[in-house]
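Residue numbers (this note's numbering), protein chains in the order written: chain A, 1 to 195; chain B, 196 to 376; chain C, 377 to 514.
By construction, the Cβ of each residue, glycine as well, lies at the ideal position given by its N, Cα and C atoms.
Worksheet: one structure, shown below.
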Amino acid sequence: MMSLHPRKRRLAAQWPTVVWLVVVWVLLWGDLSFGNVIAGTVVAVAVTGLLRMTPVDFHGRLHPWGLVVLVARFAWDLLHASVEVSWVALRPRHTPRGAVIGVQLRNHSDLYLTITAELCSLVPGSLVVEAHRLTGMLYLHVLDVEQSGGVEAARKTVLDQEERVLRAFASDDELRAAGLDPHPRRSARRAEVRA
Amino acid sequence: MTVVLLICAALLTVAGVLALIRAERGPSMLDRTVALDIVVTVVVAAVALYAAAERRTDVVPILVVLSLVGFVGSVTISRFASVEPEGEGRVRSREEIAQEEAERIRAEEEAERARRARRAKEAEVAHPDAEPVAPVEARREEESAGHAADAQASSAEVPHDDDRAEHDGTEHDRTDEGSTR
Amino acid sequence: MSWDTVADVVASICLIGGALLAFAAGVGVLRFPDLLSRMHAGTKPQVLGLILVLIGLSLRLRSGGAVWALVLVALFQMLTAPVAAHLVGRAGYRTGKVRRDLLVVDELTDAQARAATRDDADLPRNDAPEETTDAERR
Numbered sequence: 001m002m003s004l005h006p007r008k009r010r011l012a013a014q015w016p017t018v019v020w021l022v023v024v025w026v027l028l029w030g031d032l033s034f035g036n037v038i039a040g041t042v043v044a045v046a047v048t049g050l051l052r053m054t055p056v057d058f059h060g061r062l063h064p065w066g067l068v069v070l071v072a073r074f075a076w077d078l079l080h081a082s083v084e085v086s087w088v089a090l091r092p093r094h095t096p097r098g099a100v101i102g103v104q105l106r107n108h109s110d111l112y113l114t115i116t117a118e119l120c121s122l123v124p125g126s127l128v129v130e131a132h133r134l135t136g137m138l139y140l141h142v143l144d145v146e147q148s149g150g151v152e153a154a155r156k157t158v159l160d161q162e163e164r165v166l167r168a169f170a171s172d173d174e175l176r177a178a179g180l181d182p183h184p185r186r187s188a189r190r191a192e193v194r195a
Numbered sequence: 196m197t198v199v200l201l202i203c204a205a206l207l208t209v210a211g212v213l214a215l216i217r218a219e220r221g222p223s224m225l226d227r228t229v230a231l232d233i234v235v236t237v238v239v240a241a242v243a244l245y246a247a248a249e250r251r252t253d254v255v256p257i258l259v260v261l262s263l264v265g266f267v268g269s270v271t272i273s274r275f276a277s278v279e280p281e282g283e284g285r286v287r288s289r290e291e292i293a294q295e296e297a298e299r300i301r302a303e304e305e306a307e308r309a310r311r312a313r314r315a316k317e318a319e320v321a322h323p324d325a326e327p328v329a330p331v332e333a334r335r336e337e338e339s340a341g342h343a344a345d346a347q348a349s350s351a352e353v354p355h356d357d358d359r360a361e362h363d364g365t366e367h368d369r370t371d372e373g374s375t376r
Numbered sequence: 377m378s379w380d381t382v383a384d385v386v387a388s389i390c391l392i393g394g395a396l397l398a399f400a401a402g403v404g405v406l407r408f409p410d411l412l413s414r415m416h417a418g419t420k421p422q423v424l425g426l427i428l429v430l431i432g433l434s435l436r437l438r439s440g441g442a443v444w445a446l447v448l449v450a451l452f453q454m455l456t457a458p459v460a461a462h463l464v465g466r467a468g469y470r471t472g473k474v475r476r477d478l479l480v481v482d483e484l485t486d487a488q489a490r491a492a493t494r495d496d497a498d499l500p501r502n503d504a505p506e507e508t509t510d511a512e513r514r
């Protein structure tokens, strides 16, 4: 006989998905009314319960300032690089020389790999061609090597992007495992006091 | 607002036409996939432009659905993409088809002749008298003639098009004589 | 000059900007020499062009409900466009449609070649790397 407890536990563990689906439902209908939220919850629970998908393991926490930095820098990159790629497309008699570079990411999670890969693909100039989930290796195709400042500069862009993502979403342990300092300002102050 | 509408419509139309040219030309299926993805984007932009011009909010669900589903086509094609030989999907012209047929017939006749020569040599080595070889040779010649006739018939089945009648002169020396004309 | 007119003017600028980026995408996909660059041209202006067009549209519509739906449209487009681009690029690599002579540096082919030679070198061990590639191909 199938006991209810594992199923209930799994549903309860997937509450971020349910919340996200309710938000999508309410946004689609356009107005935040009681009926919409209730209907959204029903639909979200039904979808999450009936369609079994591997739950995303998210062990981090939300850093508000990191998130602001991530979004703002992403918007600026998008604007700047779209103009650049359009210029490359419209400039006559210039064929771009591309390159495929491999970047070793420093975190061990699928979620951050996906977010980093998506953000790097969205910012014009680079495209994720192959992603090895198990080793954390991303291969990107860069459109114009001279415009990105060279192969090493392109690699550094990806690693910077990963750092911003980690600082926005990751917990302190994950940051330390990736080799980044969770509280740079605090350690700088501590270094000053000690010196 | 009308001026802006016209400018944007012109830009989007040109973008769509250029993408369609790439869809026709692009040597592989993946190029065509990318081009048609651009066409989907142009459609989304055009619907948004229409909604902006007429101030209608009831076409916004169309945008939502298109943005959700517009990538399914390219994902499906690229998931099952296989290696295509060069020039496989190209539409070949009549002359090229006839030329390929003629080459195929020639290659078959060559193979037949080579096989016959080999068998004749083996037969000579095995049985010094040439008696059994002759009927076998005759049968093989019939077979190859039959093959050639079939090939001629199939190349003649290239449908006769009235529009192409003007190209009679160039076609005549490549296809077989006495075919459809 | 009322706020309506200002909004309309800004909306017009955004709409023209979005259409220009779509036009750049069309030109790029025709001009660029190989599959990967054409994909850049195809998917990048999609994002910013669409965002600009949606900003223009929301300035014209000025109704709360529709604007939130447009935010959702932009979000969905940003989530799905990289996936499509990535899959097309990966398929292009695996079917050999990438022109390696146009690439300055090609580290993926080197890595694949190294993995291949490693597989050939120690034969009893070669089920493990195959497993990972099958998992990736899934």
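What is the rounded straight-line gap between the Cα of residue i and the Cα of residue j?
i: Glu146/A; j: Val193/A; result: 44 Å
i: Arg466/C; j: Val142/A; result: 14 Å
i: Leu215/B; j: Arg250/B; result: 30 Å
i: Trp25/A; j: Val447/C; result: 13 Å
i: Glu455/C; j: Trp87/A; result: The sequence given here has Leu at residue 455/C, not Glu. Computed Cα separation, rounded: 25 Å.
i: Glu174/A; j: Lys156/A; result: 20 Å
i: Leu62/A; j: Val43/A; result: 26 Å
i: Gln161/A; j: Ser277/B; result: 33 Å
i: Arg490/C; j: Arg176/A; result: 31 Å
i: Tyr112/A; j: Trp379/C; result: 42 Å
i: Glu118/A; j: Arg97/A; result: 23 Å
i: Gly394/C; j: Leu451/C; result: 17 Å
i: Ile392/C; j: Arg189/A; result: 49 Å
i: Leu396/C; j: Pro92/A; result: 17 Å
i: Ala131/A; j: Val45/A; result: 32 Å
Check the Cβ-Cβ distances between residue i and every residue of chain B, and say whether any is below 7 Å.
i: Thr471/C; result: yes
i: Ala492/C; result: no
i: Ser378/C; result: no
i: Val449/C; result: yes
i: Leu411/C; result: yes
i: Val443/C; result: no
Under 7 Å Cβ-Cβ, which residues of chain B neighbour residue i?
i: Ala519/C; result: In the structure as shown, chain C begins at 377 and stops at 514. Residue 519/C is therefore absent and cannot be evaluated.
i: Ala383/C; result: By Cβ distance, chain B contributes nothing, its closest Cβ being about 11 Å from Ala383/C, past 7 Å.
With 7 Å set as the bound, which would you pick, yes or no: does the beta-carbon of residue i sit closer than that to a beta-carbon of chain A?
i: Ser434/C; result: no
i: Gly393/C; result: no
i: Arg466/C; result: yes
i: Ser388/C; result: no
Verify the CB distance criterion: does residue i have a CB-CB separation below 7 Å to chain C?
i: Asp31/A; result: yes
i: Val128/A; result: yes
i: Leu213/B; result: yes
i: Glu162/A; result: no
i: Gly98/A; result: yes
i: His141/A; result: yes
i: Val229/B; result: yes
i: Ala243/B; result: yes
i: Ile233/B; result: yes
What in chain A is Cβ-close to residue i, meaning under 7 Å?
i: Arg407/C; result: Ala89
i: Val403/C; result: Ala89, Leu90
Can you pull the chain C residues whose beta carbon is under 7 Å from the beta carbon of residue i, in chain order?
i: Ser82/A; result: Leu397, Lys420, Pro421, Leu424
i: Leu201/B; result: Under the 7 Å cutoff, chain C gives no residues; its nearest Cβ is about 11 Å from Leu201/B.
i: Ser187/A; result: Under the 7 Å cutoff, chain C gives no residues; its nearest Cβ is about 34 Å from Ser187/A.
Please work out which residues of its chain come closer than 7 Å, Cβ to Cβ, to residue i, disregarding the five sequence neighbours upstream and downstream, and give them in chain order.
i: Thr271/B; result: none
i: Arg380/B; result: Since the first residue of chain B shown is 196 and the last is 376, residue 380/B is not available in this structure.
i: Ala387/C; result: Gly432, Leu435, Arg436
i: Thr493/C; result: none
i: Ala344/B; result: Note on Ala344/B: pLDDT 49, under 50, position unreliable in the model; the coordinate value appears next. Same-chain partners within the cutoff: there are none.
In chain order, what residues of the same chain lie with their CB nearer than 8 Å to the CB of residue i, ignoring the 5 residues before and after it?
i: Asp232/B; result: Gly265, Phe266, Gly268, Ser269
i: Val239/B; result: Leu258, Leu261, Ser262, Gly265
i: Ala457/C; result: Thr419, Gln422, Val423
Taking C-beta pairs closer than 8 Å, name the residues in chain A that residue i reaches, listed in chain order.
i: Ala417/C; result: Val85, Ala89
At a CB-CB cut-off below 8 Å, which residues of chain C make contact with residue i?
i: Arg274/B; result: Leu463, Ala467
i: Ser269/B; result: Ala460, Leu463, Val464
Could you tell me which chain B residues have their CB closer than 8 Å to the CB of residue i, listed as they occur along the chain?
i: Ser439/C; result: Thr252
Apart from the five residues on each side of it in sequence, which residues of its chain come closer than 6 Å, Cβ to Cβ, to residue i?
i: Thr48/A; result: Gln14, Thr17, Val18
i: Val237/B; result: Leu207, Ala210, Gly211
i: Leu426/C; result: Gln453
Taking only beta-carbon atoms, is residue i less than 7 Å away from chain E?
i: Glu174/A; result: Note that chain E does not occur in the displayed structure, where the protein chains are A, B and C.
Name the chain C residues whose beta carbon is nearer than 9 Å to that of residue i?
i: Val238/B; result: The contacting residues do not exist; Val238/B stays about 11 Å from chain C at best.
Inter-stretch contact at 8 Å, needing at least 3 Cβ pairs: the region 177-193 of chain A / the region 104-118 of chain A: yes
Three CB pairs or more closer than 8 Å across the region 439-448 of chain C and the region 111-125 of chain A: no
Segment contact, 8 Å Cβ cut-off, at least three pairs: the region 76-92 of chain A with the region 415-429 of chain C: yes
Inter-stretch contact (C-beta, 8 Å, three-pair minimum) for the region 284-304 of chain B and the region 242-249 of chain B: Not touching, per the Cβ criterion.
Any 3 or more C-beta pairs closer than 8 Å across the region 201-209 of chain B and the region 250-260 of chain B: no
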